[in-house]
Structure formats: C-alpha cells, structure tokens
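Protein chains in written order, with this note's numbering: chain A, 331 to 484; chain B, 1059 to 1231.
In structure tokens form, the structure reads like this:
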C-alpha cells in the first residue's frame, strides 16, 4: 500500500493500524478536523502512517454491522493533505480500501462497505471510488469492492 | 478548521478525496436507508455470476493466506497442504482433475496435500497461473518458508546432532 508525494511523484509505503490511547493526545481538531476521541467507544479507529514514521496522515472510524457490512462513520486526512496543495495523494483511497479489506476479511459470504454521504458529495464519491448509489447510502461490494482494494492495496 | 469552512474552501472532489463527514439521520431515515441498501444488495447478489463469486472467494483465500504469512504466530495446522486443499475446494476441483490442470502426477499432488512432499518453485508458479494471478507464487513460497523457519527454529534433534561438528564455539558474556 502506498501514497504519492506530489512534488516528485515518489511512492511511499504506508501502514494502517489500530489507533492507540497515546495517539489521542496528538489528534488535534486543527490538524485532524474532528474530536476523534468521541468515536472511541462506538467504532474502531485506524490510523495511516508512513512505514518509517509515527506521524499520522489520516484516520478512519469503522463500525461493523451484522448483515456483512462495514460502515465508514468518519474519515479525515491531516490538514496539510487536503486540497490542490496537498503533500500526499491517495491517503483517503488507501483508508477506504483498507476498510474494504477488513470487510472481505471479516465476512465470508457477501462483504460490503458503506457510507452515508452528504448529498452534495455523492457524485464525487461515485466517480472517485466507484461507489454504488443505494439511495441514502453509498456502498461497495463484489467486483467494485475488489477493484478498489486492488487499486490501492497492491 | 470547521466542517463548514472545509465545505466553503474546497471543491466537492477535493473534499471526497479527503473526508467522509459524519451524517446524522433520524431513526425513520436510518430505517429507510437500511431497507434501501439491503434491497439493493439482495438484487446484486441475485445477479452475481459464478466467476464473480469465485473471484471473491479466491481474494478471501489470498487475504487469509497473507494475514497468516505476515502475522507473528505459527499455526501447525496452516501448512502448504492445508491452504492448497482450500484452493481445491473453492475451485471445485477433484485431485485427479487438478493434477491434470497443472500437469503433475496425482500421487505427487496427494503427497503435497498431506505435507509428505515439499512443493518446488515450478509448482508455485503453476498455482499462480492457475489462479489467474490472484494468488501469487510468492505467497505460496512465503507460506512454505514460514513452515520451514519454524522447523529450523525449534528442531532440537538436529541441533544435538550438529553440535558434534562445531568446535571452539564463541564464549560470550
């Protein structure tokens, strides 16, 4: 799994791992946009870091549902990686693909990944990640899910 | 930066490349959203073809194999033969059929499945090709390596036997 440093298009290997209690001190709203500690008890939170660094570049909060589905409750990249002047590309894609891999790993029959989008962002998620429109929710499963996982995790 | 400022400052595509915002639905909306999604998924599942299902199962096997290889724990049950047997089950191949698919003798395949014969690199490449590159040869190789690494680490008999050939071993504090 890799992200791309935009200034020279260099690939950097990244890791996604569960958040640790000590990390919460570093998760300021200024850099990570939300109070992540609030989600600690109701979801599983994972962090994305460069393989050789402890600096957190992105976060994702996931909830597993019994109908073989993992829901993305919240995702944010660090402040310096938002917009056209961002340092690294692909952070959110790697986190979403990681969530997809978790669904495939956890559920044996028909694993799926879903999110509830803000209405105005729906088409952007569909274009960027190949998500399927199911009304209120967007989701990925079978071939579109495997495509995303392959694109970002291989 | 607040959510409102993010929405003002960045384009929709830029936001989708950086965020999934929390969206709160009313209980009624949430129920409707779940029904919609379940119906949508049921329709897709009904339309799923055999090759699509097989593809999904193979990816699951690949992830299971890679999780085991990358993990720290050794499980004596998870041998080369064990994972190859799972592959045969998923692809719905009988031993005779599969041996013919990858052009090895059926006895050789049986011995590998029972862990009585060590697979060679050619076989691993053939497995990769048979899976249409879904499970790479390197995964099979690493699986065997993990098994052999564990044997090497824990083989006391071999250590006892080999110790007679080592003299003047280093004296360290």
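Idealized CB from N, CA, C, for every residue including glycine.
Against residue 444(A), the close residues of chain B are 1095, in the order they occur along the chain (beta-carbon pairs closer than 7 Å). With the criterion set as a beta carbon lying under 7 Å from some beta carbon of chain A, the members of the segment 1072-1106 of chain B are 1072, 1073, 1074, 1075, 1076, 1077, 1078, 1079, 1080, 1081, 1083, 1087, 1090, 1091, 1094, 1095, 1096, 1098, 1099, 1102, 1103, 1106, in sequence order. For residue 1199(B), no CB of chain A lies under 7 Å from its own CB, so it is not counted at the interface with that chain. Here residue 383(A) is exposed: its Cβ has fewer than 16 other Cβ atoms, across all protein chains shown, within 10 Å. In this structure, the straight-line span from the alpha carbon of residue 1185(B) to that of residue 1063(B) is close to 53 Å.
In the structure shown, the three-state DSSP call for residue 456(A) is helix. Annotation: the continuous beta strand (DSSP E) that includes residue 379(A) extends over 374-380. The bridge partners DSSP lists for residue 351(A) come to none. Collapsing the DSSP output to three states places residue 1228(B) in coil. Residue 399(A) carries a strand assignment under DSSP once its states are collapsed to helix, strand and coil. Annotation: Cβ neighbours of residue 451(A) in chain B (cutoff 7 Å, chain order): 1070, 1073, 1074.
Assigned with DSSP and collapsed to three states, residue 444(A) falls in strand. Using beta-carbon distances, residue 1124(B) does not count as an interface residue toward chain A, since no partner is under 7 Å. Listed along chain A, the residues sitting closer than 8 Å to residue 1117(B) by beta-carbon distance are 434, 476, 479. Here the C-alpha atom of residue 346(A) lies approximately 4 Å from the C-alpha atom of residue 378(A).
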